[in-house]
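So the structure is just underneath, and the comments pick up after that.
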Amino acid sequence: MKVLVIAPHPDDETLGCGGTLYRHKKEGDELYWIIVTGISEDTGWSESMVKKRDRQINAVSEKYRFSDVFNFRLPTTKIDTLPLADLIAKITDVYKKVEPEIIYMPFSHDVHTDHQLIAKGIQSTFKWFRFPHIKKVLMYETLSETELNFIENKVFRPNVFINISDFLDDKIEVMKTYESEMGDFPFPRSGKTMHSLSAFRGSQSGFEAAEAFELVYERKL
């Protein structure tokens with residue numbers, strides 16, 4: 001099985017489905033990673049920070065043992081300034097190379113504009129007559145983005161739960177690679193919060209720890 005995770009920013013893949021990725025790998029699946037945005041000196045970041053982020057991405061890629069990583073390096077927080085058609089073309093180019101069967105994508109109503117627009121672009125990319133190999137598309141939740149949307153009828157309502165009891169510690173260990181993105185509780189991207197969310201999702205589904213998703217699309221042959 002070929003599994004593709006689409007992350008607006010590096011760390012979204014781990015927050016949203018890190019445990020599930022480890023589970024896929026244990027089950028023998030091939031993992032692929034799209035990172036949509038990136039930082040650069042051209043957009044005001046220091047050379048040292050850009051190199052540090054590249055090292056983090058390489059380290060995370062090795063931990064998950066991704067078969068390939070596609071780093072678009074579009075400017076972070078500026079997706080709204082770019083033609084959506086260009087993003088769609090980049091994503092579908094990856095589909096043609098990888099032929100993924102399962103896709104994990106960000107929640108369409110996250111508070112971050114990058115997440116919203118990237119999700120909007122993804123939603124037009126999995127028409128069955130274009131990419132019949134795609135069997136399932138799931139939206140993941142991202143701490144600090146998904147749970148902070150308080151608008152009625154646009155909140156995350158999971159209907160798929162995956163047992164990650166054996167992989168939660170691995171997920172949190174990977175997240176520590178992004179040291180600048182983590183903080184002490186009650187900061188949402190903390191180890192304690194990640195444990196708490198996984199336990200809560202597990203209590204909804206009968207597991208010690210789980211990751212939750214909204215099923216967007218499923219096609220059974």
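According to this note's numbering, the sequence shown is numbered sequentially starting from 1.
C-beta atoms are modelled at their ideal positions from N, C-alpha and C, and glycine is treated no differently.
- Looking only at Val3, Pro8, Gln56, Lys2, the smallest Cα-Cα distance to Lys120 is reached by Pro8.
- The three-state secondary structure of Arg130, taken from DSSP, is coil.
- By the neighbour-count definition (other C-beta atoms within 10 Å, threshold 16), Ile103 is a buried residue.
- Runs of the alpha helix (DSSP H) spanning 4 or more residues and lying entirely within the stretch 99-183 occur at 113-122, 168-175, in chain order.
- In the displayed model, Lys25 falls within a helix according to three-state DSSP.
- For Lys51, the enclosing alpha helix (DSSP H) begins and ends at 47-64.
- Close CB contacts of Gln56 within its chain, under the 7 Å cut and outside five residues either way in sequence, are with Pro10, Thr177, Tyr178 (chain order).
- Assignment of Thr77 by DSSP, reduced to helix, strand and coil, places it in the coil class.
- For Gly28, the closest of Tyr217, Ala199, Phe66, Val216 by C-alpha to C-alpha distance is Phe66.
- Pairing Tyr22 with Val69 gives a Cβ-Cβ distance that is not under 9 Å.
- DSSP, read as helix, strand or coil, puts Leu84 in helix.
- Beta-bridge analysis with DSSP links Leu4 to Tyr32, Ile103.
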